[in-house]
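Protein chains in written order, with the working numbering: chain A, 1 to 365; chain B, 366 to 529.
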């Protein structure tokens with residue numbers, strides 16, 4: 001039992017000791033299996049807490065942007081509001097429409113939760129706190145996160161509702177389009193890192209984050225990334241898939257109770273994931289702010305635990321995306337596609353070329 | 366030349382879009398960082414300090430001065446003006462103490478709050494400005510009959526000099 005060598009700065013020792021203890025106590029197979037279940041449970045609890053807190057935070061932030069107070073009644077400053085909401089959703093009847101495709105209708109709620117769960121496994125939360133460190137981590141995240149759209153399409157199709165189908169189709173068109181820009185803007189940084197492995201991408205930023213080191217192309221890439229990833233999560237101002245004023249609630253019109261909560265939760269977990277990927281690739285993930293060889297400054301920054309850095313960066317990116325959502329008017333579907341195909345995609349492709357030149361000439365830092 | 370113009374237009378649009386988006390974000394950002402701008406009022410908590418706006422129409426009241434005198438001559442202009450039959454004026458014969466002549470005076474100014482739509486037409490119709498809209502709004506009661514109010518105070522009289 002060497003569980004005690006715990007450090008907030010490096011979780012690998014803790015994780016390894018837990019793993020060793022499990023293997024020691026049970027058989028190797030059973031130990032690893034229990035380990036997997038443990039990690040899965042951690043992610044479940046994490047997503048539940050994330051959903052709870054993010055809904056509250058978003059409601060508060062949106063209220064402040066609109067000169068309101070937001071939830072104030074349940075708990076101190078409305079902190080227990082989302083708990084009350086979840087209890088309400090749990091007690092609600094889970095309706096299934098008569099002519100819906102019942103199997104797919106029920107399946108969609110789980111498919112839509114699946115993608116963000118798989119992606120979470122590849123996200124490095126802190127040093128040594130990463131479930132899967134694949135050598136193609138970034139590629140894995142980009143490809144798996146688009147499974148989510150299958151859930152949306154399934155939900156829209158199986159509901160047997162015109163609004164749902166329109167919402168799902170819009171969402172499909174939107175995600176397929178914006179996926180390109182997201183991937184290309186991430187590739188722009190991969191040119192510099194030379195690796196798709198997330199731990200290596202973070203390690204390559206130990207002397208400065210790519211947004212600072214990568215010159216102008218990195219900043220453009222980040223701009224494109226933040227716009228395209230906002231669109232990919234179906235958040236405002238790109239919430240065409242659930243445009244309340246036009247198609248009631250889009251693909252989740254027919255869902256109620258806890259299944260509706262699943263869609264809601266999936267949206268917030270996706271939101272967290274795009275912020276996390278953005279933070280990892282452009283802002284160094286859990287890597288503290290380092291400037292080249294300034295040893296004193298770097299060691300001062302190292303005092304703050306990596307997990308705080310990681311969640312701090314995510315919080316900043318999330319705040320900006322929420323700022324977008326509660327400021328900008330919603331785009332029309334044709335404007336949405338125009339933005340992607342006529343502006344973001346050409347810009348990101350040229351930016352990719354620009355970054356290759358920068359990398360070849362060694363103009364980055 | 367046309368290509369140059371098109372490229373210029375393309376990038377011009379992008380920069381214009383970014384500028385206009387930043388303008389919008391400045392506005393909401395200002396609100397976010399200035400909590401004083403919040404317009405929400407927390408009603409039951411601020412009950413003591415809450416002051417409704419002058420233009421708010423809560424209910425019709427008959428103005429009485431400190432001597433229990435009002436300005437209503439009982440002309441029924443408000444009753445006629447009311448689209449819902451909210452107001453009922455019941456007049457009585459009164460004897461003028463100075464001249465001894467019998468005059469008309471209000472016995473009861475009945476106001477059915479339950480039927481009122483707060484359209485303000487009675488206040489406009491009143492030739493002597495006897496009635497006005499009050500800013501009270503907590504009108505919920507358990508008995509419907511409580512919504513029928515007699516607006517003139519018991520023993521109140523017409524202010525002298527109004528009828529002329």
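We put the beta carbon where it would ideally sit given N, CA and C, even for glycine.
The stretch 228-241 of chain A and the stretch 322-332 of chain A touch, with no fewer than 3 CB-CB distances between them shorter than 8 Å. Nearest CB-CB separation between residue 67 of chain A and chain B: below the 8 Å threshold. When A/289, A/83 and A/319 are compared, the shortest CA-CA separation from residue 305 of chain A is found for A/289. As DSSP reads the structure, residue 290 of chain A sits in no beta bridge. Less than 8 Å separates the beta-carbon of residue 11 of chain A from that of residue 126 of chain A. DSSP places residue 431 of chain B outside any alpha helix (DSSP H), giving it a letter other than H or E.
Within the same chain, 154 and 158 come within 6 Å of residue 104 of chain A by CB-CB distance, once the 5 residues on both sides are set aside. Taking all protein chains shown into account, residue 282 of chain A has 16 or more neighbouring C-beta atoms within 10 Å of its C-beta and is therefore buried. Annotation for residue 192 of chain A: the continuous alpha helix (DSSP H) segment containing it runs 162-193. Under a criterion of Cβ atoms nearer than 9 Å, the residues of chain A adjacent to residue 394 of chain B are, in order, 65, 323 and 327. Closer than 8 Å to the CB of residue 413 of chain B there is not a single CB belonging to chain A. Using a CB distance cut-off of 8 Å, residue 379 of chain B counts as an interface residue toward chain A. Put simply, of A/344, A/85, A/254 and A/50 the residue whose alpha carbon is nearest the alpha carbon of residue 276 of chain A is A/50. Residue-level contact check: residue 400 of chain B touches chain A, since one or more beta carbons of chain A fall below 8 Å from its beta carbon. Chain-ordered, the chain B residues with CB closer than 9 Å to the CB of residue 343 of chain A read 375, 378, 379 and 382. Across the structure, residue 397 of chain B and residue 45 of chain A are spaced so that their CA atoms are roughly 31 Å apart. Nearest Cα to residue 299 of chain A within the set A/207, A/253, A/226 and A/259: A/207.
Taking every protein chain shown into account, the CB of residue 448 of chain B has fewer than 16 other CB atoms within 10 angstroms, so this residue is exposed. Contact annotation: residue 494 of chain B and residue 436 of chain B have beta-carbon atoms nearer than 8 Å. The continuous beta strand (DSSP E) containing residue 475 of chain B extends over residues 467-477.
DSSP places residue 334 of chain A in no beta strand (DSSP E) but in the uninterrupted alpha helix (DSSP H) bounded by 333-338. Take residue 422 of chain B, set aside five residues on each side of it, and the residues of its chain with a beta-carbon closer than 7 Å to its own are 483, 485 and 498, in chain order. Around residue 386 of chain B, the beta-carbon contacts reaching into chain A at under 7 Å are 328. Against residue 403 of chain B, the close residues of chain A are 67, 68 and 69, in the order they occur along the chain (beta-carbon pairs closer than 7 Å). Residue pairing by DSSP places residue 126 of chain A opposite A/129 in a beta bridge.
When the beta-carbon positions are compared, residue 54 of chain A and residue 268 of chain A come within less than 8 Å of each other.
Taking residue 83 of chain A as reference, the option from A/292, A/270, A/302 and A/261 with the minimal CA-CA separation is A/261. Taken through DSSP and simplified to helix, strand or coil, residue 95 of chain A comes out as coil.
In this structure, the straight-line span from the alpha carbon of residue 62 of chain A to that of residue 338 of chain A is close to 28 Å. Between residue 286 of chain A and residue 202 of chain A, the gap from beta carbon to beta carbon is short of 8 Å. Residue environment analysis places residue 518 of chain B among the exposed positions, since fewer than 16 neighbouring C-beta atoms fall within 10 angstroms of its C-beta. Between the C-alpha atoms of residue 115 of chain A and residue 501 of chain B there is a straight-line separation of about 55 Å. By the C-beta density criterion, residue 270 of chain A is buried, having at least 16 other C-beta atoms within 10 angstroms. As computed with DSSP, residue 456 of chain B is found in a beta bridge with B/471.
Between the stretch 208-217 of chain A and the stretch 336-356 of chain A there are three or more C-beta pairs closer than 8 Å, enough to call the two in contact. Apart from the 5 residues on each side of it in sequence, residue 64 of chain A sits with its Cβ closer than 8 Å to the Cβ of 70 in its chain, given in chain order.
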